[in-house]
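Before any comments, here is the structure.
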Amino acid sequence: MIKDQVAVITGASSGIGYATALAIAKAGAKVVVGARRIEKLQQLQKDIEKIGGECIPVSCDVRKRADCENLIKTAINKWNRVDILVNNAGLMPLSFVKNLKVGEWDQMIDVNIKGVMYCTAAVIPHMVSQKSGHIVNISSIAGRVVFPAGSVYCATKFAVWAFSEGLRQELSVRNNIRITTIEPGIVDTELTNTITDKSLESFVTHSKTIQSLKAGDIANSIMFALESPPHMSVNEIAIRPTTQEK
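This is the structure we're talking about:
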């Protein structure tokens, strides 16, 4: 059980992060939530306080290492520990490589890979000192299955999986820090809003026609991993809509 534990969630202003923060708070944990849209985090704080939970919103751009360090420091200063880190912040501006949207490639690398690494680097010393912790990294089915226009996005999600597996091997046995990678398929969130490649309009339309997963479905899978007994480490969860083929 995670009652009275301290959790930090990135990308918490909407979608999976928002739903996960609510689920963790309902289970009795204290939460620190980070994202760039502070007004959305303040609404999340109100929603959590309505159910009797504790929440601290922090403006955080995971592309900035100092912001990631400040996010973790906020939890340490308030509660003197961090038990759970959910690295959820991510971008998915899909595009065909030939269209050379290199700026968008940089954004995905900075948020999807470096953001995960920066937050993890900030929290590991505290979890090692505690000799306990749980890091949940949000990858994607795209970290298993490559598709046209997803070359860079898929590469970033493969990287998240590889980083997570390395963390597991290094930290789980030696430091009692569990690592879980969550790999969602199509989820009804704001993720497709970042796609600027006009040739992908049909993809966006199609993704909205199938019965997508809900953010709460992913939050539930995260809760399953977090609430598993101490002797059990849920390393990976792949979750697709029933109607998603690949």
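146 is the number of the first residue of the sequence shown in this note's numbering; add one for each residue after it. For glycine and all other residues, C-beta sits at the position ideal for the given N, C-alpha and C.
Per DSSP, residue i is paired with what?
{"i": "Cys-200", "result": "Val-176"}
{"i": "Val-153", "result": "Val-177, Leu-230"}
{"i": "Glu-194", "result": "DSSP, once it has assigned bridges, lists no residue as partnering Glu-194."}
{"i": "Thr-265", "result": "None, per the DSSP bridge assignment."}
{"i": "Pro-329", "result": "Ile-384"}
{"i": "Arg-323", "result": "His-279"}
I'd like the list of long-range same chain contacts for residue i, defined as Cβ closer than 6 Å, with 5 residues on each side in sequence excluded.
{"i": "Ile-384", "result": "Pro-329, Ser-366"}
{"i": "Glu-214", "result": "Ala-267"}
{"i": "Met-272", "result": "Gly-278, Ile-322"}
{"i": "Val-379", "result": "Thr-325, Ala-370, Ser-373"}
{"i": "Glu-381", "result": "Thr-326"}
{"i": "Ser-284", "result": "Lys-302, Val-305, Trp-306, Thr-326, Glu-328"}
Could you tell me if residue i is buried or exposed, where buried requires 16 or more neighbouring beta carbons within 10 angstroms of its beta carbon?
{"i": "Gly-248", "result": "exposed"}
{"i": "Lys-120", "result": "The requested residue 120 does not occur in the structure, where the chain is confined to residues 146 to 391."}
{"i": "Pro-202", "result": "buried"}
{"i": "Phe-308", "result": "buried"}
{"i": "Gly-235", "result": "buried"}
{"i": "Ile-196", "result": "exposed"}
{"i": "Ser-274", "result": "exposed"}
{"i": "Lys-302", "result": "buried"}
{"i": "Asn-265", "result": "Looking at the sequence provided, one finds Thr at residue 265 rather than Asn. Counting Cβ neighbours within 10 Å, Thr-265 comes out buried, since at least 16 surround it."}
I believe residue i touches residue j by the beta-carbon criterion, under 8 Å. Please report the beta-carbon distance rounded to the nearest angstrom.
{"i": "Val-256", "j": "Arg-226", "result": "Contact doesn't hold; Cβ gap of about 26 Å is too wide."}
{"i": "Cys-205", "j": "Ala-180", "result": "6 Å"}
{"i": "Gln-356", "j": "Thr-334", "result": "Contact doesn't hold; Cβ gap of about 14 Å is too wide."}
{"i": "Asn-320", "j": "Asn-282", "result": "Not confirmed; about 17 Å, so no contact."}
{"i": "Ala-172", "j": "Tyr-163", "result": "Actually they do not touch by this definition, with Cβ atoms about 15 Å apart."}
Quick one: grab the DSSP three-state call for residue i.
{"i": "Thr-301", "result": "helix"}
{"i": "His-279", "result": "strand"}
{"i": "Ala-370", "result": "helix"}
{"i": "Glu-390", "result": "coil"}
{"i": "Leu-312", "result": "helix"}
{"i": "Lys-238", "result": "In the sequence under discussion, the amino acid at residue 238 is Pro, which differs from the Lys named in the question. Coil at Pro-238, not helix or strand."}
{"i": "Leu-345", "result": "helix"}
{"i": "Leu-358", "result": "strand"}
{"i": "Thr-334", "result": "coil"}
{"i": "Ile-254", "result": "helix"}
{"i": "Arg-182", "result": "coil"}
{"i": "Pro-270", "result": "helix"}
{"i": "Lys-243", "result": "helix"}
Which same chain residues end up closer than 7 Å to residue i when comparing Cβ atoms and leaving out the 5 residues on each side of it in sequence?
{"i": "Val-242", "result": "Ser-296"}
{"i": "Gln-150", "result": "Ala-174, Asp-228, Ile-229"}
{"i": "Arg-210", "result": "Tyr-263"}
{"i": "Asp-105", "result": "Shown here, the chain extends from 146 to 391; a query on residue 105 therefore has no answer."}
{"i": "Val-290", "result": "Lys-391"}
Sorted by chain position, which residues of the same chain lie with C-beta nearer than 8 Å to residue i's C-beta, five sequence neighbours on each side aside?
{"i": "Leu-358", "result": "Pro-329, Gly-330, Ile-331, Val-332, Asp-333, Ile-384, Arg-385, Pro-386"}
{"i": "Cys-200", "result": "Ala-166, Ala-170, Lys-175, Val-176, Val-177, Val-178, Leu-189, Gln-190, Ile-193, Glu-194"}
{"i": "Asp-342", "result": "Pro-238, Leu-239, Ser-240, Phe-241, Asn-244, Lys-246, Ala-294"}
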